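Protein chains in written order, with the working numbering: chain A, 116 to 238; chain B, 11 to 385.
Below you'll find the structure, written out as structure tokens, and then a few comments.
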Amino acid sequence: MTRYFTDEHEWIEVEGTTATVGITDYAQGQLGDIVFAEVPAVGTTLSKGGDAAVVESVKAASDVYAPVSGTVTEGNDALADDPALVNSDPEGAGWFFKLELSDPSELDGLMDAAAYKAFVDSL
Amino acid sequence: MSDDTDMLELPLGDWHRAKGARMVSFAGYAMPIQYEGIMAEHQWTRESAGLFDVSHMGQLILSGEGVAAALEKLVPGDISALKEGRMRYSLLLGADGGVLDDLMVTATPTGLYVVVNGAVKHQDIAYLRANLPAAIDINHLEDRALLALQGPKAVEAISRVIPGVDQLYFMEADLFLWGEVPLWISRSGYTGEDGVEISVPAEEVQALADALCAQPEVKPIGLGARDSLRLEAGLPLYGHDMDPSTDPVEGNASFAISKRRREEGGFNGADRILKALAEGPSRKLVGLSVEGKMPVREGAPIFAGELQVGTVTSGGFAPSVGAPIAMGYVAAGHNSIGTALEAEVRGKRVPLAVAAMPFIPHRYHRRAISSQAKA
Numbered sequence: 116m117t118r119y120f121t122d123e124h125e126w127i128e129v130e131g132t133t134a135t136v137g138i139t140d141y142a143q144g145q146l147g148d149i150v151f152a153e154v155p156a157v158g159t160t161l162s163k164g165g166d167a168a169v170v171e172s173v174k175a176a177s178d179v180y181a182p183v184s185g186t187v188t189e190g191n192d193a194l195a196d197d198p199a200l201v202n203s204d205p206e207g208a209g210w211f212f213k214l215e216l217s218d219p220s221e222l223d224g225l226m227d228a229a230a231y232k233a234f235v236d237s238l
Numbered sequence: 011m012s013d014d015t016d017m018l019e020l021p022l023g024d025w026h027r028a029k030g031a032r033m034v035s036f037a038g039y040a041m042p043i044q045y046e047g048i049m050a051e052h053q054w055t056r057e058s059a060g061l062f063d064v065s066h067m068g069q070l071i072l073s074g075e076g077v078a079a080a081l082e083k084l085v086p087g088d089i090s091a092l093k094e095g096r097m098r099y100s101l102l103l104g105a106d107g108g109v110l111d112d113l114m115v116t117a118t119p120t121g122l123y124v125v126v127n128g129a130v131k132h133q134d135i136a137y138l139r140a141n142l143p144a145a146i147d148i149n150h151l152e153d154r155a156l157l158a159l160q161g162p163k164a165v166e167a168i169s170r171v172i173p174g175v176d177q178l179y180f181m182e183a184d185l186f187l188w189g190e191v192p193l194w195i196s197r198s199g200y201t202g203e204d205g206v207e208i209s210v211p212a213e214e215v216q217a218l219a220d221a222l223c224a225q226p227e228v229k230p231i232g233l234g235a236r237d238s239l240r241l242e243a244g245l246p247l248y249g250h251d252m253d254p255s256t257d258p259v260e261g262n263a264s265f266a267i268s269k270r271r272r273e274e275g276g277f278n279g280a281d282r283i284l285k286a287l288a289e290g291p292s293r294k295l296v297g298l299s300v301e302g303k304m305p306v307r308e309g310a311p312i313f314a315g316e317l318q319v320g321t322v323t324s325g326g327f328a329p330s331v332g333a334p335i336a337m338g339y340v341a342a343g344h345n346s347i348g349t350a351l352e353a354e355v356r357g358k359r360v361p362l363a364v365a366a367m368p369f370i371p372h373r374y375h376r377r378a379i380s381s382q383a384k385a
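Structural data, given as structure tokens:
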């Protein structure tokens, strides 16, 4: 398994051609208290960089973008009842959706953990 | 993230940063949106006492012979009847009766102390200058900061620092001395809770903020919680829930049109406003309860079936309600309490119901009715 990161503060963990997507700890810290999360329906086709999910803090709604293209295979239903999972465990139980990659080569442009940490430190 | 460089600095800017605040641009100033988190800060204010820096707001003293009568041309409240140390909420009206700002007016020994919104304070001052007689002085107190201490334990906490504040009732104000520092303190606020607002010389505000935060009941609270608290309290935010296109009756502020003024008129837009009072406004600002968990925010259209009947002007998650709530303008015929409507959010319909405001009961420290009569 390999975990990649985007400059929009999503993480994507890849195993073969399937992947799990969420937002990073840095992102949840910036958003603050999460009160609502909307995940894409199974079967939704996502294109890299396009809107994939929505996360809402007390203050505002934010889009979660698809780190790569693919088809949604599962949404995290737990977020409907407990959106605060995104705050408490953003890079674990607070995942948003899983997808089947349509073009694994898109992963090449993403950051690894060390590069993402350096990117966040530069902000 | 906002760019720090084009924001103006308030006297407590570095104090907020040292307390761990995240700063954002608001009304042109760098201001704290949150410290530990909006939800926790909101709850703390409802249960204890929160200290808010609202130094961006405009503090004015209007003075001169006949100042109350002069201001009454521009506001629909009975300013002439205000006794010293009493305050009221009012609305600055454009020539057509549209709301240019909402404000607080207090009668003081030196004139009318008026607090206006930060985002429009400079245009308010220009408007007042252009529309008040030359004999009326407008003094913009730019050397004063403004703090609000709000919550059920606010008055207990501040009275330990400044004895006697607990003698004020809701919408009363007086001059207090903190050592040698003159403070103008009113029992008022923007959260629905008991509490006070404190006008303090800018050079003393940091020491006062420290003295208040040294009380165990008090924590600093950011603008994020200020917004969720005022929304639950059903209090409008100027520029969102009211603007120059709305009149006071539409804006659910008929209470601010005093009895004598209703009878006599003589204020900007009186024809339009008194007609709306008599016949009912064509649309009205109402509370909206939201079904489910998805927040419905400013700008969302409101529908009755296929017909758009309104627009949300403020909305978000309400921590003390435990659900999303909103405010918005809804057309006559669709705005009575309990009416089922829908908002549209990202292409989906969300069920709403017109709700009574406030969403959380006000807990003001009012005088008994019996004592109001002689006060």
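Quick reminder that beta carbons are idealized off the backbone N, C-alpha and C, glycines included.
These numbers were taken from a predicted model, which means no experiment stands behind them.
Note down, in chain order, every chain A residue with its Cβ under 8 Å from the Cβ of residue i.
i, result
"Met-337 (chain B)", "Near Met-337 (chain B) there are no residues of chain A at all, since even the closest Cβ is about 16 Å away, more than 8 Å."
"Lys-303 (chain B)", "Val-150, Phe-151, Ala-195 and Pro-198"
Could you check whether the Cβ of residue i sits closer than 8 Å to any Cβ belonging to chain B?
i, result
"Glu-171 (chain A)", "yes"
"Ala-168 (chain A)", "no"
Is there at least one Cβ from chain A nearer than 8 Å to residue i's Cβ?
i, result
"Gln-53 (chain B)", "no"
"Ser-238 (chain B)", "yes"
"Gly-60 (chain B)", "no"
"Gly-244 (chain B)", "no"
"Gly-104 (chain B)", "no"
"Phe-36 (chain B)", "no"
"Arg-197 (chain B)", "no"
"Arg-356 (chain B)", "yes"
"Phe-327 (chain B)", "yes"
"Asp-13 (chain B)", "The pLDDT assigned to Asp-13 (chain B) is 49, lower than 50, so where the model puts this residue is not dependable; a value taken from the coordinates is nonetheless given after this. Answer no: the Cβ-Cβ gap between Asp-13 (chain B) and chain A never drops below 8 Å."
Excluding the five sequence neighbours on either side, which residues of its own chain have a C-beta within less than 6 Å of the C-beta of residue i, listed in chain order?
i, result
"Glu-189 (chain A)", "Lys-213"
"Arg-32 (chain B)", "Ile-43 and Gln-44"
"Phe-313 (chain B)", "Glu-352"
"Ala-78 (chain B)", "Ile-89 and Ser-90"
"Glu-130 (chain A)", "Met-116"
"Lys-210 (chain A)", "Here the sequence assigns Trp to residue 210 (chain A), which means Lys is not the residue at that position. Contacts found: Thr-135, Gly-137 and Asn-191."
"Arg-270 (chain B)", "Asp-88"
"Leu-210 (chain B)", "Looking at the sequence provided, one finds Val at residue 210 (chain B) rather than Leu. If we look at Val-210 (chain B) and ignore the five residues flanking it on each side, its Cβ neighbours are Ala-155, Leu-193 and Leu-218."
Between which two residues does the beta strand (DSSP E) containing residue i stretch?
i, result
"Phe-36 (chain B)", "32 to 36"
"Tyr-123 (chain B)", "121 to 126"
"Ser-196 (chain B)", "191 to 196"
"Val-313 (chain A)", "Since the first residue of chain A shown is 116 and the last is 238, residue 313 (chain A) is not available in this structure."
"His-250 (chain B)", "That residue, His-250 (chain B), is in no beta strand (DSSP E); it is neither H nor E in DSSP."
"Ser-324 (chain B)", "317 to 328"
"Arg-376 (chain B)", "Note, Arg-376 (chain B): premise wrong, no beta strand (DSSP E); not H, not E."
"Glu-352 (chain B)", "350 to 355"
"Ser-299 (chain B)", "293 to 300"
Residue i versus chain B: which residues are under 9 Å apart at the beta carbon?
i, result
"Gly-147 (chain A)", "Arg-32, Ile-43, Gln-44, Gly-47, Ile-48, Met-49 and Gly-234"
Tell me, to the nearest whole angstrom, how far the beta carbon of residue i is from that of residue j; I am working on the premise that it is less than 8 Å.
i, j, result
"Asp-257 (chain B)", "Gly-108 (chain B)", "6 Å"
"Leu-103 (chain B)", "Gly-249 (chain B)", "With 8 Å as the limit, Leu-103 (chain B) and Gly-249 (chain B) do not qualify as a contact, their Cβ atoms being about 16 Å apart."
"Phe-151 (chain A)", "Pro-311 (chain B)", "That belief does not hold up - the Cβ atoms of Phe-151 (chain A) and Pro-311 (chain B) are roughly 19 Å apart, past 8 Å."
"Leu-298 (chain B)", "Ala-336 (chain B)", "4 Å"
"Ala-221 (chain B)", "Leu-159 (chain B)", "Between Leu-159 (chain B) and Ala-221 (chain B) the Cβ distance is about 11 Å, and since that is not below 8 Å, they are no contact."
"Val-364 (chain B)", "Asn-345 (chain B)", "6 Å"
"Tyr-407 (chain B)", "Leu-22 (chain B)", "Residue numbering for chain B in the displayed model covers 11 to 385; residue 407 (chain B) lies beyond these limits and cannot be assessed."
"Val-173 (chain A)", "Gly-326 (chain B)", "6 Å"
"Pro-198 (chain A)", "Ile-149 (chain A)", "5 Å"
Excluding the 5 residues preceding and the 5 following residue i in the sequence, name in chain order all residues of the same chain whose CB lies nearer than 7 Å to its CB.
i, result
"Ser-12 (chain B)", "In this predicted model, Ser-12 (chain B) has a pLDDT of only 45, less than 50, meaning its place in the structure is not dependable enough to derive any value."
"Pro-368 (chain B)", "Gly-202, Glu-242, Ala-243 and Gly-244"
"His-124 (chain A)", "Ile-138, Thr-139, Tyr-141 and Ala-142"
"Ser-324 (chain B)", "Leu-241, Leu-247, His-250, Asp-251, Glu-308, Ala-336 and Met-337"
"Ala-328 (chain B)", "Ser-238, Leu-241, Glu-242, Pro-334, Ile-335 and Phe-369"
Which residues in chain A have a C-beta closer than 9 Å to the C-beta of residue i? List them in chain order.
i, result
"Arg-307 (chain B)", "Glu-171, Ala-175 and Ala-176"
"Gly-249 (chain B)", "Here the premise fails: no neighbours, minimum Cβ distance about 16 Å."
"Phe-277 (chain B)", "The contacting residues do not exist; Phe-277 (chain B) stays about 37 Å from chain A at best."
With residue i as the anchor, note down where its alpha helix (DSSP H) starts and where it stops.
i, result
"Ser-169 (chain B)", "164 to 171"
"Val-340 (chain B)", "No alpha helix (DSSP H) holds Val-340 (chain B); the beta strand (DSSP E) holding it covers 333 to 341."
"Asn-202 (chain A)", "200 to 203"
"Ile-283 (chain B)", "280 to 289"
"Val-77 (chain B)", "77 to 81"
"Asn-141 (chain B)", "131 to 141"
"Gln-225 (chain B)", "Note, Gln-225 (chain B): premise wrong, no alpha helix (DSSP H); not H, not E."
"Leu-241 (chain B)", "233 to 242"
"Thr-121 (chain A)", "Counting along the chain, Thr-121 (chain A) falls outside any alpha helix (DSSP H), and DSSP gives it neither H nor E."
Looking only at its own chain, which residues have a Cβ that is under 8 Å from the Cβ of residue i, when we skip the five neighbours before and after it?
i, result
"Asp-140 (chain A)", "Pro-205 and Glu-206"
"Glu-260 (chain B)", "Ala-286, Pro-291, Ser-292, Arg-293, Lys-294, Leu-295 and Tyr-339"
What in chain A is Cβ-close to residue i, meaning under 7 Å?
i, result
"Gly-315 (chain B)", "Near Gly-315 (chain B) there are no residues of chain A at all, since even the closest Cβ is about 25 Å away, more than 7 Å."
Check the Cβ-Cβ distances between residue i and every residue of chain E, and say whether any is below 8 Å.
i, result
"Val-201 (chain A)", "This model lacks chain E altogether, as its protein chains are A and B."
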